[in-house]
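Colleague: Here it is, the structure, as structure tokens.
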Amino acid sequence: MAFDDKTRGRLQRFVTDARSVLFGEFAQQFQQDYGLDPQSGTVASLDSLGHLDDRRLETARILREILDHYLASSPERGEDARKVALDRMVREQAFTTLNRLVALRMMEARGLLIESVAKGYQSKGFQLYQRVASTALGETGDAYRVFLMSLFDNYRAELPALFDRYAPTGRLFPREPAFLALLELINATDIEPLWGEDETIGWIYQYFNSKEERKAMREASQAPRSSRELAVRNQFFTPRYVVEFLVDNTLGRLWFNWTGGRTSLRDRCQYLLIKQDEAPVPLRRLRDPRTIKLLDPACGSMHFGLYAFDLFQEIYLEAWDWEEAHGPGALDTESGGDFDLGPLSRTYADKDAFLRDVPRLIIERNIYGVDIDPRAAQIASLALWLRAQRAWHDAGVRAQDRPQIGRGQVVAAVAPPAEVDLRKRLMDELDPLDAELFEQTLFMLKGLPELGVLLQVEKELPALIRMVFGEHGALFRSEDMAQWQKAEARLREALIDYARAARSTYQGRLFVEDALQGLRLVDHCREVFDVVVMNPPFGALSEGTKTQLAKAYPRSKNDLLAIFVERGLALLRPAGRLGAITSRTCFFLSSFQKWREEVLLGVGRPEVMADLGLGVMDDALVEAAAYVLEK
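Take the position in the sequence shown, starting the count at 1, then add 3; the result is the number in the working numbering.
See below:
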């Protein structure tokens, strides 16, 4: 189905109406049930909530711990800080609820889940569930809520960012009137055909924040004033043809070169630009696809990754055939830094077993994504998971025979935990040097919600390690990164132990989760990638990070798009490819001259470019260009 203006309009109305229902519902719950007023920022004492039963009183206590966790890292203070934090909490409950139900509806449309949302209380799945439960779960609405929670739990292991019902972003559930209104919206006949389309989740991501909100932000300030403003002002859906053009000429081009042109991608990649007489020399040993890494540093709904998934499937298939033709040593793992990988033919019993594992491998090993919007972590992970399920479905692999997908490589750049008392309590349980390293790492990650991968971890980390351990001679001099990995493993273990301890509060667990998320982003920034593809933010630098970014990227400091291109090139291995769609003004404005000379032509080498003009990215008033650089 083509997502033309009429189709997108229907979906936008659905998202706008669902958002209105959920915002109103959760704002009322916060105020009327839990004594938290997002409008005034007032917080009633728990003692004043005598109208709540024990379960909801526990929820009220947990909501206050979430609030305290957010306030600890808030730049605002007092009433203003509470207003911002409570508004964030309402928004998080709204988008998580919508994303969960949309995810289930999209699973139904793909035959992955028995009808559970499509007809609400009359759906086949719930009818079966109710027959088993009988009246034990109370009224129909209560029983349906428990039914949905059981579905959330079922998918929690593979999609924790979305379905963990104990996460701070999804603690609440709509009351019955609002929930029935939401079900009616989801099951409207005019959007029913859209649930089977891969692009639907991306457009839902795009439309959750309204054009009016973006316009108000731009009118209030030329530069983004917070990480949320930076995210909202730069959420523009990348059209499919642009995605294909960039991925074809980065990932597709690399595989074409490595195989000496002996690949089906030559015909499959319709935008791959090949000279008529081009015949590259194949690598002596073809890269093992398990070592190929692609990053989208501003991934949003993972539109680039979804198409890259298609190409990776072909690449894995050809790699098996290549090894079969040239012998077990024909695939190179060392170039990708994976020295512990064995030949495919010795890792898998046969070709069928290998191909059955490919969707899992793609998500766990190949496609990386980072975004400063926590919704992106939910939606991008879901989009890739659904794509893997479709691959198995198309191959006739039954649900019970599909490998479980472990932790993927999508990371949200969240603020590092800022509770001083919790940090000190954890540090008291660590070796003194590990404790200092942990504290300094949190300080290093301070600007993460606005910087994401722009934080130059690989430059700051060695200096940080030497500062902490330098007095111990050359211990961390020669192999800084290897030693960091050992120290990081100890920190992870200590954090997990701390979260599991009986003395840990809910806020303590939030502290641990954000610290672990920060460590994951450190790992991403230390990776070396073969491909970087992106639709990066553009325009003025955020007020909170302007000075830091100008110092770190003096050649690119006049615009965020220039900084993202410079950073993307830095994350690539030599001869890697970067593909980007940005404003075209960077190619001719004098303010970009130094960037063009020293980054675009100095670090990179332009390979292909498409001058696209206006109207490419939905309502973004920018003349765009899509281009590929070789490092």
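From the three backbone atoms N, C-alpha and C, an ideal C-beta is built for every residue, glycine too.
Flag this pair as yes or no: are the beta carbons of Leu-364 and Ala-311 separated by less than 8 Å?
Modeller: Going by C-beta atoms, Leu-364 is not nearer than 8 Å to Ala-311.
Colleague: Kindly indicate which three-state DSSP category Val-515 falls into: helix, strand or coil?
Modeller: Here Val-515 sits in helix by DSSP.
Colleague: Label Leu-157 either buried or exposed according to how many other C-beta atoms from any shown protein chain fall within 10 Å of its C-beta, with 16 as the threshold for buried.
Modeller: Note that residue 157 is Asn in the sequence shown here, rather than Leu. Per the 10 Å Cβ criterion, exposed.
Colleague: Looking at the structure shown, is Phe-532 part of a helix, part of a strand, or coil, going by DSSP?
Modeller: Strand.
Colleague: My understanding is that Asp-374 touches Ala-416, with C-beta atoms under 8 Å, so please give their C-beta distance in whole angstroms.
Modeller: About 7 Å; that satisfies the 8 Å criterion.
Colleague: How is Thr-241 classed by DSSP in three states: helix, strand or coil?
Modeller: DSSP places Thr-241 in coil when its eight states are reduced to three.
Colleague: Buried or exposed for Leu-615, please, with buried defined as at least 16 other CB atoms from any protein chain shown within 10 angstroms of its CB.
Modeller: With 16 or more Cβ atoms within 10 Å of its Cβ, Leu-615 is classed as buried.
Colleague: So what does Ala-628 bridge to, in DSSP terms?
Modeller: In DSSP, Ala-628 forms a bridge with Thr-585 and Asp-614.
Colleague: Pull up the CB-CB distance for Val-87 and Ser-77, whole angstroms please, since I reckon it's below 8 Å.
Modeller: Contact flag correct, Cβ pair sits at about 7 Å.
Colleague: Need the endpoints of the beta strand (DSSP E) that Tyr-371 sits in, please.
Modeller: Segment 370-374, the beta strand (DSSP E) holding Tyr-371.
Colleague: Short check: CB of Leu-575 to CB of Val-535, under 8 Å?
Modeller: For Leu-575 and Val-535, yes; Cβs fall inside 8 Å.
Colleague: Starting from Gln-412, trace the beta strand (DSSP E) both ways and give me its first and last residue.
Modeller: Its beta strand (DSSP E) spans residues 412-415.
Colleague: In the structure shown, what three-state DSSP assignment does Glu-202 receive?
Modeller: Correct three-state label for Glu-202: coil.
Colleague: Given a cut-off of 8 Å, decide if Leu-14 and Leu-197 are closer than it, judged by their beta-carbon atoms.
Modeller: Result yes, Cβ atoms of Leu-197 and Leu-14 sit closer than 8 Å.
Colleague: So the alpha helix (DSSP H) Leu-74 belongs to, where does it begin and stop?
Modeller: Note, Leu-74: alpha helix (DSSP H), 57-75.
Colleague: Can you tell which of Leu-25, Trp-323 and Gln-443 has the C-alpha that lies nearest to the C-alpha of Thr-2?
Modeller: In the structure as shown, the chain starts at 4 and stops at 634, and residue 2 therefore has no counterpart that could be examined.
Colleague: Do Pro-171 and Glu-28 have their CB atoms nearer than 8 Å?
Modeller: No, the Cβ-Cβ distance between Pro-171 and Glu-28 is not below 8 Å.
Colleague: Kindly list the residues whose CB is nearer than 7 Å to the CB of Cys-528, restricted to its own chain and excluding five residues on each side of it in sequence; keep chain order.
Modeller: Taken in chain order, the residues that qualify are Val-456, Leu-458, Val-460 and Glu-461.
Colleague: Please name the residue or residues paired with Pro-609 in a DSSP beta bridge.
Modeller: BP columns for Pro-609 point to Leu-632.
Colleague: Give the DSSP-derived three-state secondary structure of Arg-558 in the structure shown.
Modeller: Note: Arg-558 maps to coil in three-state DSSP.
Colleague: Give every residue of the same chain whose Cβ lies closer than 8 Å to the Cβ of Glu-247, excluding the five residues on either side of it in the sequence, and list them in chain order.
Modeller: These residues qualify, in order along the chain: Cys-272, Gln-273, Tyr-274 and Tyr-310.
Colleague: Just how far apart, CA to CA, sit Glu-327 and Glu-321?
Modeller: Roughly 10 Å separates the two Cα atoms.
Colleague: Which of the three DSSP states is assigned to Ala-21 in this structure?
Modeller: DSSP places Ala-21 in helix when its eight states are reduced to three.
Colleague: Measure from the alpha carbon of Ala-629 to the alpha carbon of each residue in Met-612, Gly-618 and Leu-617, then state which is nearest.
Modeller: Nearest option by C-alpha distance: Met-612.
Colleague: When the Cα atoms are used, what is the spatial distance from Leu-344 to Val-361?
Modeller: C-alpha separation (whole angstroms): 15 Å.
Colleague: Between Leu-445, Asp-376, Ala-146 and Lys-127, which lies nearest to Thr-99 when the distance is taken from Cα to Cα?
Modeller: Per the Cα distances, Asp-376.
Colleague: Could you check what DSSP says for Leu-347 in three-state terms: helix, strand or coil?
Modeller: Three-state DSSP puts Leu-347 in a helix.
Colleague: By a C-beta neighbour count over all protein chains shown, 10 Å radius and 16 as the cutoff for buried, is Tyr-169 buried or exposed?
Modeller: The residue in question, Tyr-169, is exposed, as its Cβ has fewer than 16 Cβ neighbours within 10 Å.
Colleague: Mind listing, in chain order, the continuous alpha helix (DSSP H) runs of no fewer than 4 residues lying wholly within the stretch 269-345?
Modeller: Runs of the alpha helix (DSSP H) inside the stretch 269-345: 306-329.
Colleague: Could you tell me which residues DSSP puts in a beta bridge with Leu-39?
Modeller: Val-46, per the DSSP bridge assignment.
Colleague: Helix, strand or coil: which one does DSSP assign to Ala-490?
Modeller: Three-state result, Ala-490: helix.
Colleague: Thinking Val-531 and Leu-249 are a contact (beta carbons under 8 Å), I'd like their distance in whole angstroms, please.
Modeller: Contact doesn't hold; Cβ gap of about 20 Å is too wide.
Colleague: Would you identify the three-state DSSP class for Gly-579, choosing helix, strand or coil?
Modeller: DSSP places Gly-579 in strand when its eight states are reduced to three.
Colleague: Apart from the five residues just before and just after Glu-68, which ones in its own chain have a Cβ nearer than 6 Å to its Cβ?
Modeller: Closer than 6 Å at the Cβ level, and outside the excluded window around Glu-68, lie Tyr-509 and Gln-510.
Colleague: How far does the alpha helix (DSSP H) with Asp-404 in it reach, from first residue to last?
Modeller: Where Asp-404 is concerned, there is no enclosing alpha helix (DSSP H), given that its DSSP letter is neither H nor E.
Colleague: Terminal residues of the continuous alpha helix (DSSP H) containing Ile-468?
Modeller: Counting along the chain, the alpha helix (DSSP H) containing Ile-468 begins and ends at 460-472.
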